[in-house]
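To start, the structure itself, in structure tokens.
Numbering (the working numbering), first residue to last: 1 to 321.
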């Protein structure tokens, strides 16, 4: 079995290769070709534990254990920490144990980048990122991989922390990073909005979303969490990874259903757009909304790609359990 660290994963999983791989995962999800375990949620006073897994004959078996601890950010720790175990599809032997924090951040950025490339206007030049955590940093790289952005506005709860986030990440990007604390200003003439937070309430006013904007919500992952209000959802075309999981875990979509703003049947899976079953963006003026709650098929494909490259290049530590 190969042990693979967080520092090694970005080298093994470059964004330009991972984004199309996440497109394959969207198709596998919609066609239900993989065996998928229902996500288990373990509640603690300090946060949430998540256990999920998927299997595919061509990729193997992947299981991921994740902790989501909101208070970690106050102690300079990632808000989400995880491990991923990959096992052989033929004989069940363990192939790799790898850092799940980095893997999750990168694959989430890549799957959202795929959705943004599919749904946002090609001429998009300005984006707004809400959040300053590990996931938000990865989102910057995903955004920049699919659109020639000139400016990325960053909004967080704490101005000093937001400024530190911008200073740390600016050298990695060609787009200009700018701190915005007032959503009334931050949302003006923006082309793409991405929220990567653990918020339990809307982080932006829906009434201010510009015509033609694409919006992605990738932070909230359970019923009690919510990053966007019903007003955004009432005027947007809604896209998801999987309708069933979104109807159970996407807090803002559940809230909108209960308010009569939307219904499950109206949501389009990204895999259905790729197969031609349903349309993607249909006009320049359309507002598109992509909601991600995560899916273990993304983890499986990403983990298999990491292990394969690590084996080919002899990266990581070989360990016999």
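Glycine residues also receive a C-beta, built at the ideal position from the N, C-alpha and C atoms.
In or out: residue i buried (at least 16 other Cβ within 10 Å) or exposed?
| i | result |
| --- | --- |
| residue 302 | buried |
| residue 244 | exposed |
| residue 139 | buried |
| residue 263 | exposed |
| residue 318 | exposed |
| residue 129 | buried |
| residue 288 | buried |
| residue 312 | exposed |
| residue 7 | exposed |
| residue 191 | buried |
| residue 106 | buried |
| residue 168 | exposed |
| residue 90 | exposed |
| residue 93 | exposed |
| residue 171 | exposed |
| residue 115 | buried |
| residue 30 | buried |
| residue 67 | buried |
| residue 224 | exposed |
| residue 321 | exposed |
| residue 241 | buried |
| residue 124 | buried |
Could you give the residue range of the beta strand (DSSP E) that holds residue i?
| i | result |
| --- | --- |
| residue 96 | 94-99 |
| residue 195 | 192-195 |
| residue 143 | No beta strand (DSSP E) contains residue 143, which is instead part of the alpha helix (DSSP H) from 134-146. |
| residue 83 | 80-87 |
| residue 129 | 126-130 |
| residue 240 | 236-240 |
| residue 288 | 287-291 |
So the alpha helix (DSSP H) residue i belongs to, where does it begin and stop?
| i | result |
| --- | --- |
| residue 256 | 251-258 |
| residue 221 | That residue, residue 221, is in no alpha helix (DSSP H); it is neither H nor E in DSSP. |
| residue 185 | 183-186 |
| residue 271 | 270-275 |
| residue 306 | 296-313 |
| residue 162 | 159-169 |
| residue 13 | That residue, residue 13, is in no alpha helix (DSSP H); it is neither H nor E in DSSP. |
Since residue i and residue j should fall inside the 8 Å C-beta cutoff, what is the C-beta to C-beta distance between them, to a whole number of angstroms?
| i | j | result |
| --- | --- | --- |
| residue 208 | residue 228 | That belief does not hold up - the Cβ atoms of residue 208 and residue 228 are roughly 12 Å apart, past 8 Å. |
| residue 141 | residue 15 | 6 Å |
| residue 286 | residue 234 | At roughly 14 Å, the Cβ-Cβ gap does not stay under 8 Å, so residue 286 and residue 234 are not in contact. |
| residue 231 | residue 206 | 3 Å |
| residue 95 | residue 63 | With 8 Å as the limit, residue 95 and residue 63 do not qualify as a contact, their Cβ atoms being about 12 Å apart. |
| residue 298 | residue 98 | Rounded, the Cβ-Cβ distance is 14 Å, inconsistent with contact. |
| residue 108 | residue 292 | 7 Å |
| residue 9 | residue 103 | 6 Å |
| residue 316 | residue 61 | Rounded, the Cβ-Cβ distance is 19 Å, inconsistent with contact. |
| residue 187 | residue 210 | 7 Å |
| residue 145 | residue 175 | Wrong, their Cβ atoms sit about 11 Å apart, outside the cutoff. |
| residue 322 | residue 296 | Residue 322 lies beyond the range of the chain shown here (1 to 321); nothing can be said about it. |
| residue 121 | residue 284 | 6 Å |
| residue 34 | residue 56 | 5 Å |
Kindly identify the DSSP beta-bridge partner or partners of residue i.
| i | result |
| --- | --- |
| residue 50 | 41 and 66 |
| residue 176 | 151 |
| residue 35 | 55 |
| residue 204 | 228 |
| residue 2 | 96 and 318 |
| residue 60 | 56 |
| residue 75 | The partner list for residue 75 (beta bridge, DSSP) is empty, contrary to what the question assumes. |
| residue 216 | 194 and 290 |
Compute the minimum distance between the beta carbon of residue i and the heavy atoms of the ligand ZN, and state whether it is under 7 Å.
| i | result |
| --- | --- |
| residue 78 | Among the ligands in the structure shown, none appear at all, so the ligand ZN cannot be discussed. |
Hey, is the segment 191-201 in contact with the segment 131-150, meaning 3+ C-beta pairs nearer than 8 Å?
-> yes
Evaluate contact between the segment 268-281 and the segment 14-32, counting only Cβ atoms and requiring at least three cross-stretch pairs below 8 Å.
-> yes
Between the segment 28-48 and the segment 60-71, are three or more C-beta pairs nearer than 8 Å?
-> yes
Inspect the CB distances between the segment 252-263 and the segment 170-183 and report whether three or more fall short of 8 Å.
-> no
Should the segment 31-46 be called in touch with the segment 305-313, which here means at least 3 C-beta pairs below 8 Å?
-> no
Taking contact to mean at least 3 C-beta pairs separated by less than 8 Å, is the segment 239-253 in contact with the segment 154-166?
-> no
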